[in-house]
Amino acid sequence: MTRHRLPPTLFAVVHTLLMFLTVPTLEEPPSTTAWITACAASVLTVLALARRDRTPLAALGTILTVSVLGQILAHPDMLALIPGLAVMMALFSVTAVSDWAVALGAAVTAAVVQPLPTAVRHGFDGVSFSDWLIAVGLYLMVSALGAGRRHRLRERQAVEERLARAAQERAQGADRERERLARELHDISAHHLTSVVVSVEAARRLGGTRPELGAEALAFASRTARETQSALRRLVAVMHVGDTPAPASMTAPIEALIAGFGRLGRPISVSLPADLAGPTAEAVHGIVREALTNALRYAPGASVSVRAKRAGDVLRLTVDNGKPPGGTGGDKLGLGSGRGVAGMRQRAAAIGGQLSAGPRPGEGWRVEALLPDAPPARRPVGGRRRDFSREQRITDGAVFGSAAVMSWSVALTNARNAGHGVQVCLLLALVLTVHALPLLWRRRAPWLVLAAVGATALVWPVLLRGIVLPPSTAASLVGGGVVELAAVYAVAAYGRALAPATTPTAWHVGPPTPPVTYPSGSRLSYLSVPAATLAFVISMAAALAADGTLLGEPIGSLPALLFYGFFTLAQLFVSLGLVLTAGWGAGWLMHSRRRRELSRQDAALTALLSEARERIHSERQRVAGGLQETVFQQTTRVISSAEAGSLDDVAAASRAALATMRRLLGSLDAGKAPTAPRGTAAQGASRA
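This is the structure:
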C-alpha cells in the first residue's frame, strides 16, 4: 500500500508547492476561475494517480483530459507537472500492465494530446516542434521502462509458479517415488515369479504324461529366481545411487524380453522400430512386460502379437493376444494383484501418453498405447543465439526511438536557428537515425553496439567536410550524445549475460547441490565510458572545426588552436564523461539487482529440490531395506528348492515370494514401512 500511495502523495506535495511558488512570478494574478480550475485539476490528477495501478487506462485518460482543460482555463505554468510528470506516471502504469498494442496506442494518444492546449491558445503555429519531439522522446522512454517492468512482472510470476511447482513436488515427491517403485516391484514380481508358478504348475499337472517337463520347470525356476534377485539388486543399487541414464537403444532388451516369454511355449510375433530410446522406450518396455504377463496369466497358450509403429511424433503400441486353447481363460492360479492395467496407464500418463485395455474385435484381448515420441530438437550448429521476450524487444525499439527523437529535437532546433531548410533538417534526422540504429541490438551485443555507435559518430566530420551537410550544422549533432548514453548503459547492464555459474541438477536422488550463483558483471565494462567519451569528443571537435574555425578562432592560428582546442576538448571530455558515468552506474545497478534476484530465486528453488530429493532418498532406502529382509529370502528359497528337485517346494516358495511382494506393495500404498517380520515369509509359504 505504501508503494502505491507514496508517488501520488509526493506528486501532490511537490505540485502544490510549485504552483504556489509560480503564482507570484506570473505577469497577471490568476482569476478565481483559474484558481478553481487549477485546484480541481490537481485533485483529479492525484485521485487518478492513486488508481493508476487498478485502472491505468482510465487514469491516463483522466489526466490527459485534465491536462488539456486545465491548461486552457488556467495559466499553463500553474499546472506544469500535470502534462509532464503526471502523464508519464500514468503512461508507465499503462505500458507495465497492458499489451504492446494498447501501450503503443496510449503513447500515441499522449503524443497527440500534448500540443493541443498550446494550439488552442496560440494556434498550431505557436506549437514548438522541437519541444513536441522532446515530449515524444520522453513518452517513448517511459514506454520502454513500462515494457521492461511488464517483462519483470511476467518473469517474477513465472518464477513464483516454478517455485510453487517445486513445493508441490517436494510435498508429493515421496508419494510419486513410492508409486514408481511399486510399479517396478510389481513388474519384476509379475514377470519373473508368475512365470515360475505357471511353469511349475504345468509340470505338476502334466508330470504323469510328460515327465521331462519337471526337469525343465526346475531349471527354469532356478534360472528365473536368480534373474529376479539380479533385477532386485539392480533396483536396490539404483535406489542407493540415483537414477541411471537409459541405454542409447532399448529395442534389443525389449526383443529379448519378448523372446523370454516365447520360450514358455507360446507363439509371439514382434514388430518394433530399431531405434526405441529414452522415456518412451522405457514405457514400452514396462507396458509390454505387463501385457505379456497378463496374457500368460489369463490366456495361457494363446498367441500374442506385439506391434509398435510411429505416426509423426506419436508411437502406437499394440499388444494383442488371442483366445486361449480350449476356449477358457482367467486367473485360475490366483496370481493377479489388480495392479497390471493401472500400472500400464500410469506409465503411459507419466510421459504424456494414454493407454486403453479391453476385449478386441473378435476374440481375445488388446492393450493399445499412444505415446509421445518426438525426435530430439536439434540446436543450430555454430554461433550463439540468445532469445528475448516480446517485451524486451519492444523495450529496445522504444529506447532506439526515444534516443533518435531526442537527438532530432536538438538538431532541428539548431538547424532552424541557423536558418537551414527542410532538406538539411531531413539529412540531419537521417544521420542521427543511423547513429541510433545499433541500439536495436543493445541486449544481444552491447559491446558491438557501442563500437558501431562510435564508428557512426566518427563519420560526421567526413560528412561535414563534404557536400552532404553544411559545416554550420556541426552543433546540431550534439544531441547524438543521448545515443552514447544509451549504449554505455547497455554495456553496463547487458555486457555480461547472467548465466548461472552452477546449473541446477535434474530431478534425481543424490547429494545436495549448492545454490546456483550468478557471476557479477565484468568491471571492465566501465571502459565503455572513456571509450565512448573519447570517440564522441573527437568526432564533435572535428565536426566543429569543419568550417575552418574553432570557437570563432581560425584553425590556422596554432596558439589559438592549442589554447582553445585543449580547453574545449577537456571541457567536453569531463562533462560528457560525468554524464556517461551516471548512465553506466544506472546500468550497473540494474545488473546487480537482477543478479541478486536470480540468485535468491535459484537458492529457493535449490532448497526445495534438495528437500524433495532427501525425501525420495529416504523412501528408497526404506524400500531397499524391505526388499533385502523379505523378497530376497523367498527367492533364495526358490533357488534352493529347485536345486533340491522338489516341484512342490518350488511352487510353495514361489507363491510365498509373490505373497511377500504383494504385502510389500501394500505397505507402499499405505505409506508404511515395507519391512516384515521374519516369520511372515514362512507363514505365507505354509498357507500356499
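Residue numbers (our numbering): 32 to 719. A virtual CB, placed ideally from N, CA and C, is assigned to each residue, including glycine.
1. Determine the closest residue to Trp619 out of Leu555, Ser570 and Ala562, with distance taken between C-alpha atoms.
2. Using 8 Å as the Cβ pair cut-off and three pairs as the minimum, do the stretch 146-153 and the stretch 99-109 touch?
3. Can you name the start and end residues of the beta strand (DSSP E) that Asp351 belongs to?
4. Let's see if you can read the secondary structure: which residues bound the beta strand (DSSP E) around Ile299?
5. If you measure between the beta carbons of Val128 and Ala137, is that distance less than 7 Å?
6. Along the chain, where does the alpha helix (DSSP H) containing Val231 start, and where does it finish?
7. Taking a contact to mean a Cβ-Cβ separation below 7 Å, would you say Trp744 touches Ala523 in this structure?
8. Express the C-alpha separation of Val190 and Thr637 in angstroms, rounding to a whole number.
9. To which residues of the same chain is Ser672 closer than 6 Å at the C-beta, ignoring the five residues directly before and after it?
10. State the start and end residues of the unbroken alpha helix (DSSP H) segment that holds Ala287.
11. Quick check on Val499: does DSSP put it in helix, strand or coil?
12. With three or more C-beta pairs closer than 8 Å as the rule, is the stretch 160-172 touching the stretch 431-444?
13. Between the Cα of Pro734 and those of Gly384, Glu399 and Gly383, spot the shortest distance and give me the residue it belongs to.
14. Candidates Gly309, Leu402, Thr93 and Ala89: which alpha carbon is nearest Thr76's?
15. Pop quiz: Met50 and Met109 are said to be a contact at Cβ under 8 Å. What is the actual Cβ separation, rounded to whole angstroms?
16. Going by DSSP in three states, Ser630 sits in which element: helix, strand or coil?
17. Alpha carbon to alpha carbon, how far is Ala43 from Leu176?
18. What is the DSSP secondary structure of Leu112, reduced to helix, strand or coil?
19. Is it true that the CB of Ala573 sits closer than 7 Å to the CB of Ala488?
20. From this set, Val231, Leu41 and Thr444, which residue's C-alpha is nearest Leu116's C-alpha?
21. Go ahead and pull the three-state DSSP assignment for Gln145.
22. Figure out for me which residue from Leu37, Arg686 and Ala379 has the closest Cα to the Cα of Leu78.
23. For the alpha helix (DSSP H) that contains Ser433, what are its first and last residues?
24. Exposed or buried, what is Gln665 when buried is set at 16 or more other beta-carbons lying within 10 Å of its beta-carbon?
25. Do you know offhand how far Thr536's Cα is from Glu628's?
26. Looking at the strands, I want to know which residues DSSP matches up with Pro683.
27. Can you tell me which of the three DSSP states Leu689 falls into?
28. Leu95 to Pro114, Cα distance in whole Å?
29. What is the rounded straight-line gap between the Cα of Gly343 and the Cα of Leu639?
30. Is the distance from the Cβ of Arg397 to the Cβ of Leu386 below 7 Å?
31. Any idea if Glu394 is buried or exposed, counting beta-carbon neighbours within 10 angstroms, 16 or more meaning buried?
32. Where does Ala305 sit, in a helix, a strand or coil, going by DSSP?
33. Look at the alpha carbon of Val493 and the alpha carbon of Ala486, and state the distance between them as a whole number of angstroms.
34. To the nearest angstrom, report how far apart Ile425 and Leu303 are at their CA atoms.
35. Excluding sequence positions up to five away, which residues of its chain have a Cβ less than 6 Å from the Cβ of Pro545?
36. Which term fits Ala688, buried or exposed, when burial requires 16 or more other beta carbons within 10 angstroms of its beta carbon?
So, from the data block:
1. Indexing the sequence shown from 1 puts residue 619 at position 588. Here the closest residue by C-alpha is Leu555.
2. yes
3. The residue given as residue 351 occupies position 320 in the sequence shown. Note, Asp351: beta strand (DSSP E), Val345 to Asn352.
4. Residue 299 sits at position 268 when you count from the first residue of the sequence shown. Unbroken beta strand (DSSP E) run through Ile299: Ile299 to Ser302.
5. Start at 1 with the first residue of the sequence shown, and residue 128 comes out as number 97. Start at 1 with the first residue of the sequence shown, and residue 137 comes out as number 106. Not closer than 7 Å, so no.
6. Start at 1 with the first residue of the sequence shown, and residue 231 comes out as number 200. Here the alpha helix (DSSP H) through Val231 covers Thr225 to Arg236.
7. Here the chain comprises residues numbered 32 to 719, so residue 744 is not present and cannot be evaluated.
8. As a position in the sequence shown, residue 637 is number 606, starting the count at 1. As a position in the sequence shown, residue 190 is number 159, starting the count at 1. Their backbone Cα atoms lie some 13 Å apart in a straight line.
9. The count along the sequence shown starts at 1 and reaches residue 672 at position 641. Once the five neighbours on either side are set aside, the close Cβ partners of Ser672 are Asp680, Val681 and Ala684.
10. For the purposes of this step, residue 287 is identified with residue 256 of the sequence shown, where counting begins at 1. Boundaries of the alpha helix (DSSP H) harbouring Ala287: Thr282 to Gly293, taken from the DSSP string.
11. Within the sequence shown, residue 499 is the residue found at index 468, counting from 1. Three-state DSSP puts Val499 in coil, outside helix and strand.
12. They touch, by the three-pair rule.
13. Absent from the model: residue 734. The displayed extent of the chain is 32 to 719, so no value can be given.
14. Indexing the sequence shown from 1 puts residue 76 at position 45. Thr76 has its Cα closest to that of Thr93, out of Gly309, Leu402, Thr93 and Ala89.
15. If you number the sequence shown from 1, residue 50 lands on position 19. If you number the sequence shown from 1, residue 109 lands on position 78. Right, the Cβ-Cβ distance comes to about 5 Å (below 8 Å), so this counts as a contact.
16. Walking along the sequence shown from the start, residue 630 turns up at place 599. Under the three-state reduction of DSSP output, Ser630 falls in the helix class.
17. Counting from one through the sequence shown, the residue named residue 43 turns up at place 12. Counting from one through the sequence shown, the residue named residue 176 turns up at place 145. The alpha-carbon atoms of Ala43 and Leu176 are separated by roughly 23 Å.
18. For this step, residue 112 is matched to residue 81 along the sequence shown. Three-state DSSP puts Leu112 in coil, outside helix and strand.
19. Position 457 of the sequence shown, counted from the start, is the residue given in the question as residue 488. Position 542 of the sequence shown, counted from the start, is the residue given in the question as residue 573. Result no, Cβ atoms of Ala488 and Ala573 do not sit closer than 7 Å.
20. As a working mapping, residue 116 is identified with position 85 in the sequence shown. Cα-wise, what sits closest to Leu116 is Leu41.
21. Residue mapping note: residue 145 aligns to position 114 of the sequence shown, counting from 1. Three-state result, Gln145: coil.
22. Residue mapping note: residue 78 aligns to position 47 of the sequence shown, counting from 1. Cα-wise, what sits closest to Leu78 is Leu37.
23. Residue numbering aside, residue 433 sits at position 402 when the sequence shown is read from its first letter. Boundaries of the alpha helix (DSSP H) around Ser433: Arg421 to Asn448.
24. In the sequence shown, the residue the question calls residue 665 occupies position 634. With 16 or more other Cβ atoms within 10 Å, it is buried.
25. Stepping through the sequence shown from its first residue, residue 536 is reached at position 505. Stepping through the sequence shown from its first residue, residue 628 is reached at position 597. Note on Thr536: pLDDT 44, under 50, position unreliable in the model; the coordinate value appears next. Each residue's CA atom was taken as its position, placing Thr536 and Glu628 some 20 Å apart.
26. Here residue 683 refers to the residue found at position 652 of the sequence shown. One point to set straight first is that residue 683 is Ala, not Pro, in the sequence displayed. Ala683 is not bridged to any residue.
27. The residue labelled residue 689 in the question sits at position 658 within the sequence shown. Looking at Leu689 - three-state DSSP - the assignment turns out to be helix.
28. The residue you call residue 95 lines up with position 64 of the sequence shown. The residue you call residue 114 lines up with position 83 of the sequence shown. Taking the straight line joining both Cα atoms gives about 7 Å.
29. Along the sequence shown, read from residue 1 onward, the residue named residue 343 stands at position 312. Along the sequence shown, read from residue 1 onward, the residue named residue 639 stands at position 608. Cα to Cα, Gly343 sits roughly 37 Å from Leu639.
30. Sequence index remark: in the sequence shown, residue 397 carries index 366 (1-based). Sequence index remark: in the sequence shown, residue 386 carries index 355 (1-based). Going by C-beta atoms, Arg397 is not nearer than 7 Å to Leu386.
31. Taking the first residue of the sequence shown as position 1, residue 394 is located at position 363. Glu394 is exposed by the Cβ-count criterion.
32. What you label residue 305 is simply residue 274 of the sequence shown in a count that begins at 1. Coil at Ala305, not helix or strand.
33. The sequence position of residue 493 within the sequence shown is 462, counting from 1. The sequence position of residue 486 within the sequence shown is 455, counting from 1. Roughly 12 Å between the two C-alpha positions.
34. Position 394 of the sequence shown, counted from the first residue, corresponds to residue 425. Position 272 of the sequence shown, counted from the first residue, corresponds to residue 303. Roughly 50 Å separates the two Cα atoms.
35. Indexing the sequence shown from 1 puts residue 545 at position 514. Since pLDDT at Pro545 reaches only 49, below the 50 mark, its modelled position is unreliable, and the value read off the structure follows with that caveat. No residues qualify anywhere along the chain.
36. Within the sequence shown, residue 688 is the residue found at index 657, counting from 1. With a threshold of 16 other beta carbon atoms within 10 Å, Ala688 meets it and is buried.
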